[in-house]
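Numbering (our numbering), first residue to last: 2 to 539.
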């Protein structure tokens, strides 16, 4: 059947699509209950919600259409259809020819609205007849799709028709993020996670509108990324992990697979090679790298600060050049993280010399350097980025230098900290971080760091005490969900009393994703398969 191109006007928005808007076509009539969009369980909280208290029927008659010639929009439509299938078992066609009896339309539209000039901004219009998602970019459309996924009820209304219907509350959402960088870090060096486990973590981050996954790829206990020009890094350095397990690593093809999977969800991978400290795995693989004057052996413990590269050898920088080059070639994102923390046995002047040399190598391969806050003590470019984890003095110095800062204060944002003294996993050297403490702080005002210097927030998950992905999920969730809201929503839209209700209602999604989250007793979890009492007994 020939495609029929028509214009439908929905809430004043002109939309050209491959579906019919013939007024004479007889509509199915469903007596849907009134619903309130403003009372949904959306996380992060959108900037503006206008509820019109009716409903759109998502059912077997629904179809998805997109701006077909706009890069990424057809793929966004397919992602939405796949997500709807996973939640409802509905098979929603995407960009098909006109189909008889096709009535409810979801249209993902590339807009040129000046209101949507932020790349991740979107508008969502839901009426009884249609759902229109507007964004200037496919990235923004993808963020809007996550909101739409959360709007879809967990269960259908089976009493209003002889087929299943999921009523979506009507209204308008206008939304965009507060911070451009919204990340989490996964430490795959102390303990290895599989490609599928990393992908699952990516899926969870994407659902809550994160846009960065920082992979801590190297440390004293293991080197986890294949470097073809230096094969012993994985043959030797990747052979163990904390506790003496067999270790492992990502081949370059596996790493590329992770990067591509993240890119499909508009998540940037930030690779980290931690140096000049945290380098025992590299030095045991190639002893000429070692600068601490001691014999290097494989390390399976959790102490830090004992290792260092020899910062005065040209061959060390030739090695680093190869590593940065190979990883950069596989990583299209703009950032390369050089670590730089806890290099306790490196002399200060050698540390400064090293950071300045490595920054030039990172620039050589077209990347912006990120480093833990210690790197600001070197004379580095103001375009490099400091990750504030510990030192307020270093953070202040970064501000003086005009640098952007990623907010990761350990006592607020470290996912490997225990919830409380009864937590099964994690540490507490920085603090105990219960679910409310993780949420009730204002990054824009933390430690007096000017908001104009804040690039965004990142929640790191170190894996010294983590032996499998279930334990990682226990530490990350639900706190990572709160950090998502702190990263996206305005301070005015963050409210613990409101948030904890919305958080409790995330349980069906987390259960459906088989996330082994911590069922905090502070939260009334909706139909959760986990209980705090059972967790405590374990």
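All C-beta atoms, glycine included, are put in the ideal place defined by N, C-alpha and C.
Values in this document were obtained by computation on a predicted structure and should not be read as measured data.
Q. Since residue 110 and residue 135 are thought to touch, with beta carbons under 8 Å apart, how far apart are those beta carbons, to the nearest angstrom?
A. Indeed they touch by this definition, with Cβ atoms about 5 Å apart.
Q.
Could you compute how far the alpha carbon of residue 210 sits from the alpha carbon of residue 288?
A. Taking the straight line joining both Cα atoms gives about 43 Å.
Q. In or out: residue 465 buried (at least 16 other Cβ within 10 Å) or exposed?
A. Residue 465 should be labelled buried.
Q.
For residue 23 and residue 98, what's the separation of their Cα atoms in angstroms?
A. Note that residue 23 scores a pLDDT of 41, beneath 50, so its modelled location is shaky; the value from the coordinates is reported in the next line. So the two alpha carbons sit approximately 15 Å from each other.
Q) Counting Cβ pairs closer than 8 Å, one from the stretch 509-527 and one from the stretch 473-484, do we hit at least three? A) By the Cβ test, the stretch 509-527 is in contact with the stretch 473-484, since at least three Cβ pairs between them sit closer than 8 Å.
Q) Which residue's Cα is closest to the Cα of residue 165: 247, 323 and 33? A) Among 247, 323 and 33, the Cα nearest to that of residue 165 belongs to 33.
Q) Hey, would you say residue 346 sits closer than 9 Å to residue 293, going by beta carbons? A) A contact, by the Cβ cut-off of 9 Å.
Q | Cβ-Cβ separation, residue 262 to residue 314 (assumed contact under 8 Å), whole Å | A | A Cβ-Cβ separation of about 37 Å leaves residue 314 out of contact with residue 262 under the 8 Å criterion.
**Q.** Backbone CA spacing between residue 274 and residue 238 [nearest angstrom]
**A.** Roughly 13 Å separates the two Cα atoms.
Q. Do residue 105 and residue 37 have their C-beta atoms closer together than 9 Å?
A. Not in contact: residue 105 and residue 37 (Cβ atoms no closer than 9 Å).
Q | Rounded separation between residue 253 and residue 259 - CA only | A | Here the C-alpha atom of residue 253 lies approximately 10 Å from the C-alpha atom of residue 259.
Q) DSSP on residue 542, reduced to helix/strand/coil? A) Only positions 2 to 539 of the chain appear in the structure, and residue 542 is not among them; the question remains open.
Q) Using CA coordinates, which residue listed in 532, 428, 50 and 183 is at the minimum distance from residue 460? A) For residue 460, the nearest C-alpha among the options comes from 183.
Q | Classification of residue 72 by the beta-carbon crowding that lies within 10 angstroms, buried from 16 upward | A | Residue 72 should be labelled exposed.
**Q.** Residues of its chain near residue 335, where Cβ-Cβ distance is below 7 Å and the 5 sequence neighbours each way are ignored
**A.** The residues are 368 and 369.
(Q) Assuming the contact rule is C-beta atoms closer than 8 Å, residue 119 and residue 177 should be a hit. Round their C-beta distance to whole Å, please. (A) In this structure, residue 119 and residue 177 form a Cβ contact; the two beta carbons are roughly 4 Å apart against a cut-off of 8 Å.
**Q.** Cα-Cα separation between residue 526 and residue 491, rounded to whole angstroms
**A.** Approximately 25 Å, taken between the alpha carbons.
Q) Is it right to say residue 435 is buried, meaning 16 or more other beta carbons lie within 10 angstroms of its own, or is it exposed? A) So residue 435 ends up on the buried side.
(Q) At the level of alpha carbons, what is the spacing between residue 35 and residue 505? (A) Cα to Cα, the separation comes out at about 23 Å.
Q) If you count every other CB in all the chains shown that lies within 10 Å of the CB of residue 316, and 16 or more means buried, which is it? A) The residue is exposed, with fewer than 16 neighbouring Cβ atoms inside 10 Å.
Q) Roughly how many angstroms lie between the CA atoms of residue 498 and residue 181, to the nearest whole one? A) CA-CA distance, residue 498 to residue 181, rounds to 26 Å.
Q.
Looking at residue 88: is its Cβ nearer than 9 Å to the Cβ of residue 155?
A. For residue 88 and residue 155, yes; Cβs fall inside 9 Å.
**Q.** Rounded straight-line distance, which links the Cα of residue 486 to that of residue 131
**A.** If I take the Cα positions, the gap works out to 28 Å.
**Q.** Beta-carbon contacts of residue 332 that lie in its chain and below 7 Å, excluding the five residues immediately before and after
**A.** A distance below 7 Å between beta-carbons, with the five flanking residues on each side excluded, links residue 332 to the following residues of its chain, in chain order: 260, 270 and 272.
**Q.** Cutoff 7 Å; reference residue 393; Cβ partners in own chain excluding five residues on either side
**A.** 448.
Q) Quick one: what's got a C-beta closer than 7 Å to residue 96's C-beta in the same chain, skipping five residues either side? A) Result list for residue 96: 19, 66, 67, 69, 75 and 78, in chain order.
Q | With 16 other Cβ atoms within 10 Å as the buried cut-off, status of residue 530 | A | By the 10 Å Cβ count, residue 530 comes out exposed.
Q: Check the DSSP bridge columns for residue 269 and list the partner residues they point to.
A: In DSSP, residue 269 forms a bridge with 213.
Q) Which runs of the alpha helix (DSSP H) fall wholly inside the stretch 490-515 and span at least 4 residues, in chain order? A) Correct list: 497-505 and 508-513.
Q.
Taking DSSP's pairing of strands, which residues face residue 167 in a bridge?
A. 59, per the DSSP bridge assignment.
Q) Between the C-alpha atoms of residue 523 and residue 161, what's the straight-line distance to the nearest angstrom? A) Straight-line Cα distance between these residues: approximately 37 Å.
Q: Would you mind stating whether residue 45 and residue 489 have Cβ atoms separated by less than 9 Å?
A: Contact annotation: residue 45 and residue 489 have beta-carbon atoms nearer than 9 Å.
Q. From residue 81 to residue 220, what does the alpha carbon distance come to, in whole angstroms?
A. Taken atom to atom, the span from the alpha-carbon of residue 81 to that of residue 220 is near 38 Å.
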